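S.K.:
Okay, structure coming up:
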């Protein structure tokens, strides 16, 4: 995992999710563009958990604390992003239930208490 240099932030996920600056929306975009342009590297981490292609990912609402992923193995995995970015090995939580075919879309409800998944179930 590479560290961010020249950015003064621990995680690009946390930075991108905190978009509550005051003022013109274009200023926020410009601020983010300039802030990221000053970074010489961003975090990169391989997340190993699926047994096939990953077809869908979705970050949780209000900060992206969690990520869900789904794919050809018909499983939905829940990842704690803080743990993924800063631990040597982070294992996902395998959510209950199974699809009969590949998963193609995922979503959190507005409170992040439920995850919805959809696939090509016949």
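In my numbering, the protein residues as written are 2 to 123.
Backbone N, C-alpha and C fix where the C-beta goes; we use that ideal spot for every residue, glycine too.
Being a predicted model, the structure only gives us computed values, none of them experimental.
1) Which residue marks the beginning of the beta strand (DSSP E) containing residue 86, and which one marks its end?
2) Just to check my reading of the structure: residue 109 and residue 62 have Cβ atoms closer than 8 Å, yes? What is that Cβ distance to the nearest angstrom?
3) Hey, could you find the ends of the beta strand (DSSP E) residue 57 is sitting in?
4) Got a sec, what are the start and stop residues for the beta strand (DSSP E) residue 91 sits in?
5) Spell out the partners DSSP gives residue 68 in its beta bridges.
6) Could you give the distance in angstroms between the alpha-carbon of residue 72 and the alpha-carbon of residue 106?
7) Give me the Cα-Cα distance between residue 38 and residue 70, rounded to the nearest whole angstrom.
8) Residue 68 and residue 59: beta carbons closer than 9 Å?
9) Could you check the C-alpha separation between residue 83 and residue 90 for me, to the nearest Å?
10) Going residue by residue through the stretch 95-120, where are the continuous beta strand (DSSP E) segments of at least 3 residues, counting only ones entirely within it?
11) So which of 76, 47 and 40 has the shortest CA-CA distance to residue 53?
M.R.: The relevant details are as follows:
1) The count along the chain shown starts at 1 and reaches residue 86 at position 85. No beta strand (DSSP E) contains residue 86, which is instead part of the alpha helix (DSSP H) from 82-87.
2) Start at 1 with the first residue of the chain shown, and residue 109 comes out as number 108. Start at 1 with the first residue of the chain shown, and residue 62 comes out as number 61. Between residue 62 and residue 109 the Cβ distance is about 6 Å, and since that is below 8 Å, they are a contact.
3) By one-based count along the chain shown, residue 57 stands at place 56. Taken as a continuous stretch (DSSP letters only), the beta strand (DSSP E) holding residue 57 covers 55-60.
4) Here residue 91 refers to the residue found at position 90 of the chain shown. First-last for residue 91: undefined, no H or E at that position.
5) The sequence position of residue 68 within the chain shown is 67, counting from 1. DSSP lists 60 and 80 as partners of residue 68.
6) For the purposes of this step, residue 72 is taken as residue 71 along the chain shown, with counting starting at 1. For the purposes of this step, residue 106 is taken as residue 105 along the chain shown, with counting starting at 1. Straight-line Cα distance between these residues: approximately 9 Å.
7) Here residue 38 is taken as the residue at index 37 of the chain shown, counted from 1. Here residue 70 is taken as the residue at index 69 of the chain shown, counted from 1. Approximately 28 Å, taken between the alpha carbons.
8) Here the question's residue 68 lines up with position 67 in the chain shown. Here the question's residue 59 lines up with position 58 in the chain shown. Yes, they are a contact pair.
9) On the chain shown, residue 83 is found 82 positions in, with the first residue counted as 1. On the chain shown, residue 90 is found 89 positions in, with the first residue counted as 1. Cα-Cα distance, rounded: 12 Å.
10) 104-109 and 116-120
11) Within the chain shown, numbered from 1, the residue matching residue 53 stands at position 52. Residue 53 has its Cα closest to that of 76, out of 76, 47 and 40.
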